[in-house]
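Below: the structure, in structure tokens.
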Amino acid sequence: MRVEMFTFLLTAAICLAGSAGVVLLRNPVHNALSLVATLFGVAVLFIQQGAYFLAAIQVIVYAGAIVILFLFVIMLLGVDRAEGFDRDPILGQRPAAIAVAVAILGLSLTALLSVGSRVTGQASTLAAIDGSEPNINALAKVLFTDYVFAFEITSVLLTVAVVGAVVLSRKAGPAIDLGEFPEGTTADLLEARHAAKTQRHEAEGDDSQGDDLEGDDPDDGDAEDETTQEALR
Amino acid sequence: MLALNETWYLVLAAMIFTIGSLGLLTRKNPLVMFMCVELMLNAVNLTFVTFSKALDDIAGQAIVFFVMVVAAAEVVVGLGIIVAIMRRRQSANADDVSLMRG
Amino acid sequence: MTSILQTSALAGILANDPLLSGEVGLTTLLVVLIKVVVAFVGLLLSVILMVWFERKVIADMQNRFGPNRAGPFGLFQTIADGMKLIFKEDLMPERADPFVFKLAPFLSLVPAFLTFAIVPIAGSFNDGLDGVVTILGQQTFMQVADPQIGILLFLAMSSLAVYGIMLAGWASGSKYPLLGSVRATAQMVSYEAALGLALASVLLIAGSLSTNAIVNEQSGFRWNVWMTGLVPFVIFTIAATAELNRPPFDLVEAEQELVGGFHTEYSSFRFAMFFLAEFLNTVTMSAIIVTLFFGGPSGPTFGLTNWVGVYILPFLWFFLKLLVFLCMFVLFRATLPRFRYDQVMDLGWKLLIPASLGWFLLLVAVRVASDQGWNLPATVLAAAAGLLAGAFLLVLSIRASAAKRAALSLPGEGS
Amino acid sequence: MNLIWLIPCLPLFGFLVLLVAGRKLGDPGAGWWGTGLVAASFLVVVKVFFDLLALPEEERSLTQTLFTWIPSGSFKVSIGFLADPLSILMCLFITGIGALIHLYSIGYMKGDEKFSKFFLYLNLFLASMLLLVLGDNLLLTFLGWEGVGTCSYLLISFWHTDPANASAGKKAFVTNRIGDFGFMLGTFLVWVTVGSINYADIGPAAPMIAAGTATAIALLFFLGAVGKSAQLPLSVWLPDAMAGPTPVSALIHAATMVTAGVYLITRLNPIMAQAGWANDVIAWTGAITALVAASIAIAQTDIKKVLAYSTVSQLGYMFLAVGTQNYVAGIFHMVTHAFFKALLFLGAGSVIMSMSHEQDMRKFGNLRKYLPVTFATFMIGWLAISGIPPLAGFWSKDEVLAGAFNSGPAGPVLWVIGLLVALMTAFYMTRVVIMTFFGSEKWRLTDDAHEADEVGDVESSDLVTASVAAAEHGAADHDDHHGLSPDHTPKESHWTMTAPLVVLAALSILGGAINLPFGSDFKHLEHWLEPTLAFEHELPPVPVLVLLAFAAIAVASLGIFMAYWVYSKHKIAPEKIERPVLAHAWYIDETYAKVAGGPGEAGFQGVADFDGTVVDGAVNGVGAGVLGIGNRLRPVQSGLVRSYALGISIGGALLLAFIVTRMNL
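Protein chains in written order, with the UniProt record's numbering: chain A, 1 to 233; chain B, 1 to 102; chain X, 1 to 415; chain E, 1 to 665.
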């Protein structure tokens, strides 16, 4: 058996097992670990196809940052409890999902296998991979010439993402003091809303806690602390 | 003995993609759904790299680079949103977040 | 059987090495095997010595003897400790996640070993030689692998090292380990950015990711430590210390707060693995610092081209440089008090990252100026002015947000 | 340096400034500002005029393209100005008379609370009018065309707190829309036929247009002209337009806007040359309108009404001229008419001012004693419009009549009609003069005596149409001048009002000099306009011409004498002449109202019902359908992310299936 084939089959097995693990395992941490396995497999496949830089980035960025972030959030929020698989609350979601998945797989396999081993498409004339040049240099050359605009835009995108994440994760400000508002403005509105809510509570009994909104509770700011504590418990 | 060619990679990518989409549709934990999206992205990346090799064109790898950057940005913002939602709802179920209210 | 491996799969990892440029035969495999074994054994040995060395030095500084029973000067103390740990009962907490609990130590250990693969430990870099030696008739470098991605492998491995700690803490199913691991993760992820940016300055000067090329480029005392202007080295060393979770950044295992940190629940051989990984990492990191900033094994070989000039002298230089940094880490541990957590984060995000980025930009300005033939002092002055303005704004914004935060949190703390 | 763009832009600038700072400028600052800019525009026109004059005759056409306004495929419309003899001539009297009327308005509008707004509208009007005249393509002309229409509406209903004024404005607007409809269709047809709407392209291309198409184009544009120039059957709005302030009547409804139709037909004369019988339609419409309007003017008691119908009648003259392809005469008469009609209107305004906004001539009399300047200038206007040589009106009217006489087989008939109109014109103008400036001071009579005196007129006073009465009422009413007290003493107006009168009087005397019929050397206007006109018009031989001129003089004298006989000597009772049917304007308004209220309303109701059931039904049906489908589809928007993901996945799978089917398997 040729070494490449062996490598591929081993890696493919890891990838498939990993992706199956992402879908099938119940514990989010296990899911994340399975994801890492798949990411590693894909990185190896990248190497096998000469995309060394992408393989390194795959490990550094995906495994080293993105999945770490996942794990971090899982641990921070304390959602690392197993998820029940017994039934899907959305009617027909699971059979439909399986049908769609089978359709996608079947169709793409049909498309792929029917053309045999050839890849349809034009071989590159512009950015050909030069065997004598290291992969990283070639990629850098393309990134900083042909795709330089896209490259700069992605930097903007990342900045925006960072700002967005900071804004999203910021603690909520102090609760609004209704007394500050003159009559007939937001204060009245909030009051009316509150009154309606209380009425509904009385009408329904108090077991609709689940889809109720905690939005205007004054102690909302402490929610995060509670979550953290719960995560640590 | 079958020779290793592009089709093997593409078939593998298709399978990973399918598994990812299946997970996205069936799992209820938004974090796991996100991971499934990452799986799908990786499958697509794999096809890009495969075609890059097959067509001898470095542009395929450049696109994978951008996909990774976008994925990173997406995860950052997505996880931020999930954290914000979970702080308020104390729930790790995507189905609970079905109202257009806080 | 002349070719069992074509220059494709593994060649990518080991690419720049002339060993793999031609046909790959049995001898080649043998050479690779020898290198792996030597590196593995050598690394283990160095760890054993390192542990002994550290204990000895600290003991001296604290005016006590330290290990002095097992073997001469207590040299075998580490081995004895290891034997003891292996034979201890393997405990696993009831609430632990069994699989991950068992996996975590390996995730710590393996990256520590792998990183060393890219460190060149010998080979002459003088007289136009580029570190190539001949073993069994095969030309090769004195390092296990010299991949195209080179130093990125180090970054990749250091980001993987996080997993071991994080998962160990989580899998223990206990709150102190979890807190410790979350802290450690945040700390390591934060300092990785500074590490990478300091690294970028080196790469800018070297123009290559390959460790061999980086060392080669530093031959003749053109060491990066001054070629990059000292600042990246300082930042890299601080960030590396934090990355290693060594004092003064050892908040992971702050006994007063977290008992033993992420490995509180670990015992027996699994604990030994964490222990081993920590010291492995220390040695590897020192080796990386030596490689990146101090020319690795390059040094005067006095014109010798025989085995002394190719193997012994370069290795000696490498070892001496390594020793300096090992001493440094030990001294850090012995002398510096531990940081507070918020101080660690402030240092990483508000000082090291901006400073390394700014310095990198300055180096870029110098590079561009010399490439384009601009007036160098003027360019540097302009760049420095811009960076100082940026730094000023950064300081202002940090102060403003701190003030705002203080104003916001005051009433909250009262209630 | 080419200054053409300044001509419309100066009033436009004035408009913008007044828009922003009108209230700040106040009374009379805003007025002086507006007047100044129009005067400046006039100076620019004069400059451009001399520039043109300096050029050789065949090159007297300056164009200035500012920018491309509508670039749409091959259809390109630019903001460009065309300064040729015709447009500059128009500009000369538009800005000249416009400046005088602005000046006059400062006095006339004094104390009005919307003083600055009045000048704002006037400036916008002048900018639009200049755009209309100077535009080098039909669309730009149309922009100006609509602009003047809008300003006309705004100014007619200037005192819009009175519903009658508002409805008069509305009437003008709606009537004009019918004409605009023709203008637009004509523009489309020109675009389709010629492939361009630039005058520069239309001229050379016109001879190639088929006669039928040319006729259609001509008729469509004539429909537009009929609307704007108040010809039959769309003449009804102009008399009602007298509800506006008198300077507006003078400027818009006598001197400038209403002549836009004549200008348009003249501008399109290359097409008219191909249009065949459309010219006859124009000529006959003009002649009949002139006759009908003149006959109505005889029986009106409102001084402004008389002048309004007189305007309609004179516009009929102009159309008679252009219809007989005697464009020079048409333009000539337009110019002279602008002078003397503006003079008459302003004089009437002066009278009205002095009589505390009373417009009923039956309450005037002997005003020559109180208003010497107004009287003197009004007399000049009277003589000019009556066609007494050597005043301006005589020369132009004579040329129109001569041209009509010589226009083919129907020419003599048209000439006779024209002569009849001249007779009536002289008659009703003399009537106005006698009732206003001579006789007894009727407003001094006590109410009873007044009624007794007016007993003969009761009938005709009742006959005043509703809208007229309302307009009169509104005009008289707007600043609480209720009627005239018997001890009222009329006062001569402020110099800002009399100065324009004097200037216009001078122009009315001398205006004829621009085109005297004493041989080629005296025909300045004809030479001037030559480059823009496609062909020359043949006048009858000189002896006939002299004969025709004497006939015209004789008829005019007869008209004046008859009026003197009736109103001064009281030999014939006025009621004999002021027939109810005339006072009722031949019941045109009433007929319109009947038609619109009877079968028209039924038809409209039918259309409305159709709209309510079928059109609205379709719209509502679509809405209800969408609502229904939306209600059905609402469960799809469940908010469940995974359902959405399923939808996307199904879509992806379908896309994949599509690709697979398209593959060569």
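Each residue gets a CB set at the ideal place from its N, CA and C atoms; glycine is no exception.
Three-way DSSP call (helix, strand, coil) for residue i in this model
i         : result
Phe-81/E  : strand
Asn-68/X  : coil
Phe-106/X : helix
Leu-373/X : It should be noted that the sequence gives Gly, not Leu, for residue 373/X. Looking at Gly-373/X - three-state DSSP - the assignment turns out to be coil, as it is neither helix nor strand.
Asn-198/E : strand
Ala-400/X : helix
Leu-189/A : Residue confidence is low: Leu-189/A scores 48 on pLDDT, short of 50, so the model does not pin down where it sits. No coordinate-derived value is stated.
Arg-338/X : coil
Gly-150/X : coil
Val-79/A  : coil
Gln-93/A  : helix
Ala-452/E : Confidence at Ala-452/E is low in this model, with a pLDDT of 44, below 50, so its placement is unreliable and the value that follows should be read with caution. If DSSP states are grouped into helix, strand and coil, Ala-452/E belongs with the helices.
Trp-237/E : helix
Val-281/E : helix
Leu-4/B   : coil
Pro-500/E : helix
Gly-295/X : coil
Trp-5/E   : coil
CB of residue i within 8 Å of CB of residue j, strictly
i         : j         : result
Leu-646/E : Ala-97/A  : yes
Leu-105/A : Thr-18/B  : yes
Ile-289/X : Thr-237/X : yes
Pro-270/E : Ile-178/E : no
Leu-107/A : Ala-618/E : no
Gly-144/E : Gly-182/E : no
Pro-354/X : Ala-391/X : yes
Phe-319/E : Val-262/E : yes
Leu-501/E : Leu-346/E : yes
Ala-194/X : Leu-352/X : yes
Val-42/E  : Ala-99/E  : Note that residue 42/E is Phe in the sequence shown, not Val. Yes. Within cutoff.
Trp-415/E : Ala-426/E : no
Ile-121/X : Pro-297/X : yes
Asn-45/B  : Val-64/B  : yes
DSSP beta-bridge partners of residue i
i             : result
residue 471/X : With chain X represented from 1 up to 415, any question about residue 471/X goes unanswered, as that position is not in the structure.
Gly-135/E     : Phe-81/E
Asp-302/E     : Asp-360/E
For residue j and residue i, believed in contact at Cβ under 8 Å, the rounded distance
i         : j         : result
Trp-359/X : Val-231/X : 5 Å
Ala-51/A  : Val-69/B  : Contact flag wrong, Cβ pair sits at about 16 Å.
Leu-19/X  : Gln-143/X : With 8 Å as the limit, Leu-19/X and Gln-143/X do not qualify as a contact, their Cβ atoms being about 10 Å apart.
Tyr-104/E : Leu-154/E : Contact flag wrong, Cβ pair sits at about 19 Å.
Ile-149/X : Phe-53/A  : 6 Å
Val-119/X : Thr-291/X : 6 Å
Notebook entry, point to check: Where are the alpha helix (DSSP H) runs, 4 residues long or more, that stay fully inside the segment 356-440 of chain E, in chain order?
Noted result: 372-386, 392-405 and 411-437
Notebook entry, point to check: What are the complete beta strand (DSSP E) segments, minimum 3 residues, inside the segment 38-80 of chain E?
Noted result: 62-72
Note to self: Give me the subset of the segment 43-54 of chain A whose CB atoms are less than 8 Å from a CB atom of chain C, sorted by chain position.
What the structure shows: Although the question refers to chain C, the structure presented lacks it and instead comprises the protein chains A, B, X and E.
Check: What runs of the beta strand (DSSP E), each 3 residues or longer, lie entirely inside the segment 139-192 of chain E?
Finding: none
Next item on the list: Quick one: which unbroken alpha helix (DSSP H) runs of 4-plus residues sit fully inside the segment 562-626 of chain E? Chain order, please.
Entry: 574-577, 580-583, 588-597 and 599-610
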